[in-house]
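A.B. asks: Those letters in the sequence shown? Residues 1 to 400, by full-length UniProt numbering.
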Amino acid sequence: MGDGGFSEAGLERMRAAMAAHVERGDLPGVVTLVSRGGEAHADAVGKMAFGDAGPVQRDTLFRIASVTKPIAGAAAMMLVEDGTLRLDEPVDSLLPELANRRVLRALDGPVDDTEPARRPILVSDLLTLRMGIGAIMAPGDYPIAQAMMDRGVAAGPQLPDAPSADAWLQNLGSLPLMHHPGEAWMYDTSLTVLGALIARASGLPLEAFLRERVFEPLRMKDTGFTVPADKLHRLPVCYVRNPRTGQLDVFDPAGRESQFSRAPGFPSAAGGLVSTADDVLAFARMMLNRGEHGGKRLLSARSVELMAADHIPLAQKAISPFSPGFWESRGWGYALSIVTRSRPGEPRGLGWDGGYGTSCYWDPETGVIGVLMTQRLMDSPSAPPVFVDFWRSTYDAAGA
């Protein structure tokens, strides 16, 4: 076994598995980082883009997409600990755009066929993705989904392009909820709302609050919603599979042409951060260490326990579709996923995946942390082959 409890042979098998994906053209490059017992092993394979491009490196910047969510969740819990927010309080006073909600009588019904919400949206509803509106992960024709697209508040790979949180909330607040608050899990939108709540509750722009309370204490020096000009050379091209041609098209270009070279009007707490493997590892280490980092406590152990508890009852899982078989092996805590049963090729412990091709989980049972960074959008909510190979080889190398 190598330092930190990983076998050298296992790490070589991980590198070979990642290299195979690059050689097949599945993706241009990949960065892996695994940690256990304070030791870390990083590897970078491939290039910053298809064709004639430089190599990816350990400090390459990646759009981490929904790996942003646990970070935002931890920030919200800091405000709870400060007494600025309460988990059981309605969001109405801070987010009046979402007060006095109305709810669709039928998910596939007309947008104007509604009834009053049975109760307000609570802070905890945002963390558990149960505010009552989000991505509809089931086939069918849903007028509410089109209405969300028309108003620029639909969940999906594109980040919000609203000029401000106020404008985005106004658009969202013009629509009814899909379910009564607290009664169903719906992906994504609640965490976007959480970002607006954090900003209003703290009195700071979202990135400023995250920088003060999370990034600087953890020395996450490369993490933010915008890539500074002097770091743009470290941002690779991001690709997406074209469903018509099967080819990988550019989703977001590199450098100054990237949308991440400019500050967003409304930064997305659901998926807008850019980061490095080492920065994400620092956050995961803090969470694995029950809220402590470098002898300083960022979160109480109790807050970490609340984040790691499954808050979705079985009856709600039954009416909350996501990827096939998701709820058979998963739960949902506060802004992160809980792996309740891990099969070969699946992560263990706590964390989440990013739709732009990233993954991070930490496992309190084995002490293993894994961070995977790629630059290709997932084709579906189900784990792509590179995720499967990464997690299989991570636990193989750890002997876990």
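Glycine included, each C-beta is placed from N, C-alpha and C at the ideal position.
Can Phe387 and Ser342 be called in contact, C-beta distance under 8 Å?
C.D. replies: no
A.B. asks: Would you list, in sequence order, the uninterrupted alpha helix (DSSP H) runs of no fewer than 4 residues that lie entirely inside the stretch 129-166?
C.D. replies: 143-150
A.B. asks: Do the CB positions of Ala269 and Thr68 come within less than 8 Å of each other?
C.D. replies: yes
A.B. asks: Rounded to a whole number of angstroms, what is the C-alpha to C-alpha distance between Tyr187 and Leu299?
C.D. replies: Cα to Cα, the separation comes out at about 25 Å.
A.B. asks: Need the endpoints of the beta strand (DSSP E) that Gly54 sits in, please.
C.D. replies: From DSSP, Gly54 is part of no beta strand (DSSP E); its letter is neither H nor E.
A.B. asks: Restricting to Cα atoms, I'd like to know which of Asp141, Ile64 and Arg86 is closest to Trp352.
C.D. replies: Selected option, being the one with the closest Cα: Ile64.
A.B. asks: CA-CA distance, Met1 and Ser7?
C.D. replies: Residue placement at Met1 is flagged as unreliable, the pLDDT there being 40, under the threshold of 50; a coordinate-derived value is accordingly withheld.
A.B. asks: Which residue from Ser380, Phe283, Leu27 and Ala309 puts its Cα closest to that of residue 421?
C.D. replies: No answer is possible for residue 421: it lies beyond the span of the chain, which begins at 1 and ends at 400.
A.B. asks: Can you tell me the Cα-Cα spacing of Asp3 and Ala9, whole angstroms?
C.D. replies: Because Asp3 carries a pLDDT of 44, less than 50, the predicted location of this residue cannot be relied on, and the following value inherits that uncertainty. If I take the Cα positions, the gap works out to 13 Å.
A.B. asks: For my contact list, Pro236 and Val56 are in at a C-beta cut-off of 8 Å; report their separation, rounded to the angstrom.
C.D. replies: Pro236 to Val56, Cβ: 6 Å. Contact.
A.B. asks: Given this structure, state the Cα-to-Cα distance separating Pro176 from Leu126, to the nearest angstrom.
C.D. replies: 16 Å
A.B. asks: Using a Cβ-Cβ cutoff of less than 8 Å, which residues in the same chain neighbour Trp332 once the five nearest sequence positions on both sides are dropped?
C.D. replies: Thr128, Leu129, Trp185, Asp310, His311, Ile312 and Ile338
A.B. asks: Could you spell out the range, first to last residue, of the beta strand (DSSP E) harbouring Arg330?
C.D. replies: Arg330 to Trp332
A.B. asks: Do you know whose CA, among Gly54, Arg105 and Leu79, lies nearest Val214's CA?
C.D. replies: Closest option to Val214, Cα to Cα, is Leu79.
A.B. asks: With a 10 Å radius around its C-beta and 16 neighbouring C-beta atoms as the bar for buried, classify Val250 as buried or exposed.
C.D. replies: exposed
A.B. asks: What separation, rounded to the nearest whole angstrom, lies between the Cα atoms of Gly51 and Val280?
C.D. replies: 28 Å
A.B. asks: Please return the same chain residues whose Cβ sits closer than 7 Å to the Cβ of Met148, not counting the five positions on each side in sequence.
C.D. replies: Counting only Cβ-Cβ distances below 7 Å, and skipping sequence neighbours, we find Ala154 and Leu175.
A.B. asks: Is it right to say Gln375 is buried, meaning 16 or more other beta carbons lie within 10 angstroms of its own, or is it exposed?
C.D. replies: Counting every other CB atom within 10 Å of its CB across the protein chains shown gives Gln375 a total of 16 or more, marking it as buried.
A.B. asks: Which one of Pro181, Leu218 and Val34 has the shortest CA to CA distance from Thr366?
C.D. replies: Val34
A.B. asks: In angstroms with no decimal places, state the Cα-to-Cα distance between Asp59 and His293.
C.D. replies: Going from the Cα of Asp59 to the Cα of His293 covers about 21 Å.
A.B. asks: What separation, rounded to the nearest whole angstrom, lies between the Cα atoms of Arg297 and Gly291?
C.D. replies: 6 Å
A.B. asks: Please state whether DSSP places Tyr187 in a helix, a strand or coil.
C.D. replies: strand
A.B. asks: Just checking my contact of Pro160 with Gly173 at CB under 8 Å: how many whole Å lie between their CB atoms?
C.D. replies: Not really, about 14 Å apart at Cβ, beyond 8 Å.
A.B. asks: Taking 8 Å as the cut-off, decide whether the C-beta atoms of Arg119 and Gly182 are in contact.
C.D. replies: Cβ distance < 8 Å, so Arg119 and Gly182 count as in contact.
A.B. asks: Let's test the definition: count the other Cβ atoms within 10 Å of the Cβ of Ala335 and tell me whether it reaches 16, buried, or not, exposed.
C.D. replies: It counts as buried.
A.B. asks: Would you mind sorting Ala106 into buried or exposed? The rule is 16 or more other CB atoms within 10 Å of its CB.
C.D. replies: exposed
A.B. asks: What does Ala254 pair with, by DSSP beta-bridge criteria?
C.D. replies: Beta-bridge pairing links Ala254 to no other residue.
A.B. asks: Might you give, ordered along the chain, the residues of its own chain that have their beta carbon closer than 6 Å to the beta carbon of Ala44, omitting 5 neighbours on each side?
C.D. replies: Val31, Val56, Gln57 and Arg58
A.B. asks: Among all the DSSP beta bridges, which residues are the ones paired with Pro116?
C.D. replies: In the DSSP output, where bridge partners are listed per residue, Pro116 has Arg102.
A.B. asks: For the alpha helix (DSSP H) holding Arg392, just list the boundary residues, first then last.
C.D. replies: Pro385 to Ala398
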